[in-house]
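Asks: Numbering (UniProt numbering), first residue to last: 1 to 205.
Each residue gets a CB set at the ideal place from its N, CA and C atoms; glycine is no exception.
Below is a structure I'd like to ask you about.
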Amino acid sequence: PLLLCFCCVTKVKGANYHSVFVAEVTLKVHVSDASTHQPVTEAFIEIFTNQVPLASGNTGGDGTAFIKFQYKLDSQLIVTATKQAYVPNSAPWKPVRLPVFSSLSLGLLPERSATLMVYEDVVQIVSGFQGARIQPKVHFQRRALRLPENTSYSDLTAFLTSASSPWEVDSFPYLQGYDGNGTGRCLIFILGICFNLYETIWLKY
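Laid out in structure tokens, this is it:
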């Protein structure tokens, strides 16, 4: 699975016992492929607090990245990992106390190829994954698809990845909703679908 392993080194700042403690935290993030368990290089790691980016970095050749940031105790962070050809994933991180070491495991699923159908009124993307009992599909109005300049439909490649087992549902991003007063609520994932359209660029030498 995409593994996010956190090794925390902290430097605490606080005037007294009643102060809000802020710590400089170094996270060691390790990313691997969910199907092959091999390290994923050049994955983009980003850490959010209250939906605001806090810190970011990229994994190296061994699939790891070291990220430093100022952490306020009791704040919940969301750690995300993204890379093209994979379904993005994320997980919450909120220690009760400042940890000496913390680790977290996630699954990063490779995207699956799909069939792209462009009609006069709608665009349809149909999963090509043969292991699913029900063939997932996505459709939307054709006018919603805006192609870049000097691009045609023949330049597009479609991918549609759906969770075909409970463990694959866990490989989709962590969900958190907010009610009217801004209070966060954890949402339960019952179905996971990710679809993407990529433009193919041809270069002539």
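So what does DSSP say about Tyr86, is it helix, strand or coil?
Replies: Tyr86 falls in the strand class under three-state DSSP.
Asks: Can you round the beta-carbon distance between Val31 and Ala81 to whole angstroms, since I take them to be within the 8 Å contact cut?
Replies: Their Cβ separation, rounded to whole angstroms, is 5 Å, which keeps Val31 and Ala81 in contact under 8 Å.
Asks: Please state whether the Cβ-Cβ distance between Thr161 and Leu109 is less than 8 Å.
Replies: It is a contact, given that the beta carbons lie within the stated cut-off.
Asks: By how many angstroms is the C-alpha of Lys94 removed from the C-alpha of Ser102?
Replies: Those two C-alpha atoms are separated by around 10 Å.
Asks: Checking 8 Å against the spacing of the C-beta atoms, do Val29 and Ile78 come in under that value?
Replies: Taking 8 Å as the Cβ cut-off, Val29 and Ile78 do not qualify as a contacting pair.
Asks: Just to confirm, are Arg112 and Ser90 a CB contact at a threshold of 8 Å?
Replies: Not in contact: Arg112 and Ser90 (Cβ atoms no closer than 8 Å).
Asks: For the candidate residues Ala158, Arg97, Glu149 and Val22, whose alpha-carbon lies nearest to that of Lys72?
Replies: Comparing Cα positions, the closest option is Val22.
Asks: Let me check understanding here. Comparing Cα to Cα, which of His37, Ile125, Ala144 and Lys137 lies closest to Ala158?
Replies: With distances taken between Cα atoms, Ala158 lies closest to Ile125.
Asks: Less than 8 Å separating the beta-carbons of Arg146 and Tyr119?
Replies: It is not a contact, given that the beta carbons lie outside the stated cut-off.
Asks: With a 10 Å radius around its C-beta and 16 neighbouring C-beta atoms as the bar for buried, classify Gly107 as buried or exposed.
Replies: The residue in question, Gly107, is buried, as its Cβ has 16 or more Cβ neighbours within 10 Å.
Asks: What does Gln124 pair with, by DSSP beta-bridge criteria?
Replies: Answer is Met117 and His139.
Asks: Tell me whether the beta-carbon of Leu156 lies closer than 8 Å to the beta-carbon of Leu116.
Replies: Yes, the pair counts as a contact, with Cβ atoms nearer than the cut-off.
Asks: Taking only the alpha-carbon atoms, compute the straight-line gap between Gly14 and Glu42 and give it to the nearest angstrom.
Replies: In this prediction, Gly14 has a pLDDT of 49, which is less than 50 and means its spatial position is unreliable; what the coordinates show is noted afterwards. Near 36 Å, if we compare the C-alpha coordinates of Glu42 and Gly14.
Asks: Does DSSP put Ser75 in a helix, a strand or coil?
Replies: Correct three-state label for Ser75: coil.
Asks: Distance, Cα to Cα, Ser154 vs Val96?
Replies: Straight-line Cα distance between these residues: approximately 52 Å.
Asks: Using the beta-carbon count (16 or more within 10 Å), is Val87 buried or exposed?
Replies: That one is buried.
Asks: Output the boundary residues of the beta strand (DSSP E) element that contains Gly107.
Replies: No beta strand (DSSP E) holds Gly107; DSSP gives it neither H nor E.
Asks: Span of the beta strand (DSSP E) holding Glu24?
Replies: Glu24 -> beta strand (DSSP E) spans Val22 to His30.
Asks: Which of the three DSSP states is assigned to Ala144 in this structure?
Replies: Three-state DSSP puts Ala144 in a helix.
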